[in-house]
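In my numbering, the protein residues as written are 1398 to 1888.
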């Protein structure tokens, strides 16, 4: 510990509920050596216990037997295991601590391990450190963990690692230390007040790109009373894990998992059936392409490497003062903001653009509100606005294939064809092969019936010849014919 930061502020936060028989022992087991390296404070929050937990804690504080500054609080209304943590973490953030260590008042997690756990955070080796009971084979069973809990822990952890792509030995340890900077980056206040708060905060740490380390700790099960409903807890954990994973497809949305540091700017996927790839497959001969709005530099490079001339109009076509462009083969809008917010204005602008370019193909990427998962959700009276996707937070208008065709046809456009775009399953499972198989079969279903199975539509349409174009064509051709007649009369 020689290289350890010596002046950081450490809050040892003890969650306590009906712990009158153990709380004083837990306090006395906190290693005094911590005071040599950190500015240590202990916070106990009694979550409305029905015994003398608060009185025991307060009397211990007053006795001066604990060599650290202590604060003892009492929740007048029980906040639950997760709710109590929220209050303690909020206290740590507001009071300028560097790290917070979560310790249980029932003594199940050994306070003696705090120096080793804290050292990892103090050396900036991780953003969170967990004490794991499952890293050393069957040691948890030897420490008194019931077999059904051991097996349940293993099953749930394996399931969560599989979905989240993580490698934790245990998701369900309550012995945790967090850097305050890590807590500031996640909306932990939106998490459940129940026991699966612990799962939700792990998921948030992963989504926000933070590093979690584990070290083995001893397991101790005494005569403490377990307040966890095992079956309900398992269901809540599975639900939270699946919800967070599905959210990346922008079908379901929960604000608590919206903490990714990755920009929401348009990206280009290398999957074979992504919007970008399907548009590339649409092109055969080298073409002149105008792309409107957001798109990725990777897509531009792919197009240019394929021999296509690419022009880019940033921002909105509706707000653009340009009404005429050089002749092009494709006008591409992969960002559906204008279509979902101002469809009539966008279509009118496209009509103006195509006044003298009836052969220009219009390519639009549109979310499908008729997607079968959305229909199922509506059947149960729900759907979610998401960051992007079928129903994004910017959507004012939503489209089925039929309603989209109607919008275009009523404005003198006709469909060339529509391509059903599947969900990109890449990253859903640890197996990329399985993800590719799922994407391929989804693509086949979307091809057979895009109105029902397509996650998005890639629509290719053309404007019907405008009256200006037809009139100018008639004038031009008439002049040519008149010249021919005049020439024949002179012969």
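The C-beta atom is built at its ideal place from N, Cα and C for all residues, glycine as well.
Three-way DSSP call (helix, strand, coil) for residue i in this model
| i | result |
| --- | --- |
| residue 1419 | coil |
| residue 1797 | coil |
| residue 1471 | strand |
| residue 1493 | coil |
| residue 1569 | coil |
| residue 1661 | For residue 1661, the pLDDT reaches just 43, beneath the cut-off of 50, and the residue's location in the model is therefore unreliable, although a value from the coordinates is still provided. In this structure, residue 1661 counts as coil in the three-state DSSP scheme. |
| residue 1729 | strand |
| residue 1557 | helix |
| residue 1652 | helix |
| residue 1815 | strand |
| residue 1466 | strand |
| residue 1503 | coil |
| residue 1752 | coil |
| residue 1574 | strand |
| residue 1682 | coil |
Rounded straight-line distance, which links the Cα of residue j to that of residue i
| i | j | result |
| --- | --- | --- |
| residue 1520 | residue 1572 | 19 Å |
| residue 1427 | residue 1551 | 29 Å |
| residue 1658 | residue 1606 | 7 Å |
| residue 1402 | residue 1484 | Low confidence applies to residue 1402: its pLDDT is 45, below 50, so where it sits in the model is not reliable, and the reading given next is rough at best. Their backbone Cα atoms lie some 27 Å apart in a straight line. |
| residue 1592 | residue 1598 | 11 Å |
| residue 1872 | residue 1838 | 52 Å |
| residue 1539 | residue 1833 | 43 Å |
| residue 1878 | residue 1886 | 12 Å |
| residue 1504 | residue 1652 | 34 Å |
| residue 1810 | residue 1779 | 34 Å |
| residue 1799 | residue 1843 | 15 Å |
| residue 1671 | residue 1516 | 45 Å |
| residue 1352 | residue 1537 | A question about residue 1352 goes unanswered here, because the residues of the chain that appear run from 1398 up to 1888. |
| residue 1490 | residue 1801 | 49 Å |
| residue 1431 | residue 1512 | 6 Å |
| residue 1881 | residue 1759 | 37 Å |
| residue 1807 | residue 1687 | 24 Å |
| residue 1470 | residue 1441 | 6 Å |
| residue 1665 | residue 1555 | Note on residue 1665: pLDDT 46, under 50, position unreliable in the model; no value is reported. |
| residue 1415 | residue 1630 | 20 Å |
| residue 1712 | residue 1703 | 25 Å |
| residue 1663 | residue 1673 | Model confidence at residue 1663 stands at a pLDDT of 42, short of 50, so the residue's coordinates are unreliable; what they give is reported in the following sentence. Looking at the two C-alpha atoms, the distance is approximately 11 Å. |
| residue 1851 | residue 1821 | 11 Å |
| residue 1473 | residue 1446 | 9 Å |
| residue 1805 | residue 1823 | 33 Å |
Residue range of the alpha helix (DSSP H) that includes residue i
| i | result |
| --- | --- |
| residue 1529 | Element bounds for residue 1529: not the alpha helix (DSSP H) but the beta strand (DSSP E), 1525-1529. |
| residue 1709 | Note, residue 1709: premise wrong, no alpha helix (DSSP H); beta strand (DSSP E) at 1706-1710. |
| residue 1830 | 1829-1845 |
| residue 1872 | 1864-1886 |
| residue 1762 | Not the alpha helix (DSSP H): residue 1762 falls in the beta strand (DSSP E), residues 1758-1764. |
| residue 1628 | 1627-1643 |
| residue 1455 | 1450-1460 |
| residue 1772 | 1769-1776 |
| residue 1783 | Careful: residue 1783 lies outside any alpha helix (DSSP H) and carries neither H nor E. |
8 Å Cβ cutoff met for residue i and residue j
| i | j | result |
| --- | --- | --- |
| residue 1495 | residue 1407 | yes |
| residue 1448 | residue 1413 | no |
| residue 1530 | residue 1616 | yes |
| residue 1853 | residue 1815 | no |
| residue 1728 | residue 1736 | no |
| residue 1797 | residue 1765 | yes |
| residue 1649 | residue 1640 | yes |
| residue 1730 | residue 1690 | yes |
| residue 1510 | residue 1534 | no |
| residue 1588 | residue 1477 | no |
| residue 1502 | residue 1625 | no |
| residue 1507 | residue 1614 | yes |
| residue 1741 | residue 1685 | no |
| residue 1417 | residue 1450 | yes |
| residue 1782 | residue 1795 | no |
| residue 1769 | residue 1849 | yes |
| residue 1857 | residue 1699 | no |
| residue 1676 | residue 1855 | yes |
Where the beta strand (DSSP E) containing residue i begins and where it ends
| i | result |
| --- | --- |
| residue 1685 | 1685-1689 |
| residue 1610 | 1609-1613 |
| residue 1429 | Per DSSP, residue 1429 belongs to no beta strand (DSSP E) and is neither H nor E. |
| residue 1854 | 1853-1860 |
| residue 1672 | Element bounds for residue 1672: not the beta strand (DSSP E) but the alpha helix (DSSP H), 1672-1679. |
| residue 1409 | 1405-1413 |
Anticipated Cβ contact below 8 Å, residue i with residue j, distance rounded
| i | j | result |
| --- | --- | --- |
| residue 1583 | residue 1601 | 4 Å |
| residue 1611 | residue 1566 | 6 Å |
| residue 1438 | residue 1468 | 7 Å |
| residue 1682 | residue 1755 | That belief does not hold up - the Cβ atoms of residue 1682 and residue 1755 are roughly 19 Å apart, past 8 Å. |
| residue 1514 | residue 1410 | In fact, because the Cβ distance is near 13 Å, the residues do not count as touching under 8 Å. |
| residue 1486 | residue 1574 | So it is not a contact: roughly 12 Å between Cβ atoms. |
Proximity test, Cβ basis, 8 Å: residue i and chain D
| i | result |
| --- | --- |
| residue 1463 | In the displayed structure, chain D is absent; only one protein chain is listed. |
Near the ligand FMN: residue i beta-carbon under 7 Å from a heavy atom
| i | result |
| --- | --- |
| residue 1434 | No copy of the ligand FMN appears in this structure; indeed no ligand is present at all. |
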